[in-house]
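Student:
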Amino acid sequence: GQNIDQPTEMTATEGAIVQINCTYQTSGFNGLFWYQQHAGEAPTFLSYNVLDGLEEKGRFSSFLSRSKGYSYLLLKELQMKDSASYLCSTGFQKLVFGTGTRLLVSP
Amino acid sequence: DGGITQSPKYLFRKEGQNVTLSCEQNLNHDAMYWYRQDPGQGLRLIYYSQIVNDFQKGDIAEGYSVSREKKESFPLTVTSAQKNPTAFYLCASRRDPSSNQPQHFGDGTRLSIL
Chain A
1 GQNIDQPTEM TATEGAIVQI NCTYQTSGFN GLFWYQQHAG EAPTFLSYNV
51 LDGLEEKGRF SSFLSRSKGY SYLLLKELQM KDSASYLCST GFQKLVFGTG
101 TRLLVSP
Chain C
1001 DGGITQSPKY LFRKEGQNVT LSCEQNLNHD AMYWYRQDPG QGLRLIYYSQ
1051 IVNDFQKGDI AEGYSVSREK KESFPLTVTS AQKNPTAFYL CASRRDPSSN
1101 QPQHFGDGTR LSIL
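Chains A and C are the protein sequences, given in the same order.
Per this note's numbering, the first sequence runs over residues 1 to 107.
Per this note's numbering, the second sequence runs over residues 1001 to 1114.
Here it is as structure tokens:
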């Protein structure tokens, strides 16, 4: 079976750093994706990891440990516009999502 | 511009009625997906298709049906057997089902019961 877990909600202040964790168990694996979703909108792609280690993309970084079934998304220099849900997704041909982590950034 | 178009944006269903949600893509992608999202929840997979004339059930297929007669189109029918259809429905596509490319999403359809 497939199971993806993320924290339900996190809060942080503007300018801070936040780490959103994701643990997964899947029957197939071809990489782990992170998406951002603002309320009422479609998800947009943020980051992808297929090998262990850290991938950096501006203010966003994502880390993967395949042996531990674990990933995190790191957001630096938080801005108010980063208030959104962050979705972790993986699988092989069948792509499934975690429940999403709602991040609230306060001034 | 290439992309995924979902229509309608809002849809209302009467009791006992079947409704069909449209999803069209001009990205020449092989794989297409339907997800359901309930308020404050993540995306749950309804059906997916890796190639024309073939599709597989996702985790919550009961009460839904799909077809994939053309590469660019993957309509979803919400049947009267789906007793709680109110949700946000998202269609996605990907270049090929085994690739490491991310999914592209349409803007979604909000379905409500009258």
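Beta carbons are placed, not taken as given, at the ideal position from N, Cα and C, and that holds for glycine.
Because the structure is a prediction, the values reported are computed rather than measured.
Which class does K57/A belong to by DSSP, given the choice of helix, strand or coil?
Tutor: Reduced to three states, the DSSP call for K57/A is strand.
Student: Please decide whether T108/A counts as near chain C, where near means a Cβ-Cβ distance under 8 angstroms.
Tutor: Residue 108/A lies beyond the residue range present for chain A, which begins at 1 and ends at 107; the question has no answer from this structure.
Student: Among K76/A, E14/A, Y70/A and T44/A, which has the Cα closest to the Cα of P1102/C?
Tutor: Considering only alpha carbons, the answer is T44/A.
Student: Measure the C-alpha to C-alpha separation of N49/A and S62/A and round it to an integer number of angstroms.
Tutor: Going from the Cα of N49/A to the Cα of S62/A covers about 7 angstroms.
Student: Whole angstroms is fine: what's the gap from I1113/C's alpha carbon to S89/A's?
Tutor: Computed Cα separation, rounded: 29 angstroms.
Student: Candidates M10/A, S85/A and N30/A: which alpha carbon is nearest L51/A's?
Tutor: It is N30/A.
Student: Specify whether the segment 75–94 of chain A and the segment 3–23 of chain A touch according to this definition: at least 3 beta carbon pairs, one from each stretch, less than 8 angstroms apart.
Tutor: Contact holds: three or more Cβ-Cβ distances are below 8 angstroms.
Student: I believe Q1025/C touches E1072/C by the beta-carbon criterion, under 8 angstroms. Please report the beta-carbon distance rounded to the nearest angstrom.
Tutor: Going by Cβ atoms, the distance from Q1025/C to E1072/C rounds to 5 angstroms, so yes, they are a contact pair.
Student: Could you give the DSSP three-state label for K76/A: helix, strand or coil?
Tutor: K76/A falls in the coil class under three-state DSSP.
Student: In angstroms with no decimal places, state the Cα-to-Cα distance between A1081/C and V1019/C.
Tutor: So the alpha carbons of these two residues sit roughly 11 angstroms apart.
Student: Report yes or no: is there a C-beta of chain C within less than 8 angstroms of the C-beta of V96/A?
Tutor: So yes, V96/A belongs to the interface.
Student: For P1085/C, decide whether its Cβ has a neighbour in chain A, counting only Cβ atoms nearer than 8 angstroms.
Tutor: Taking Cβ atoms only, chain A never reaches closer than 8 angstroms to P1085/C, which makes this a no.
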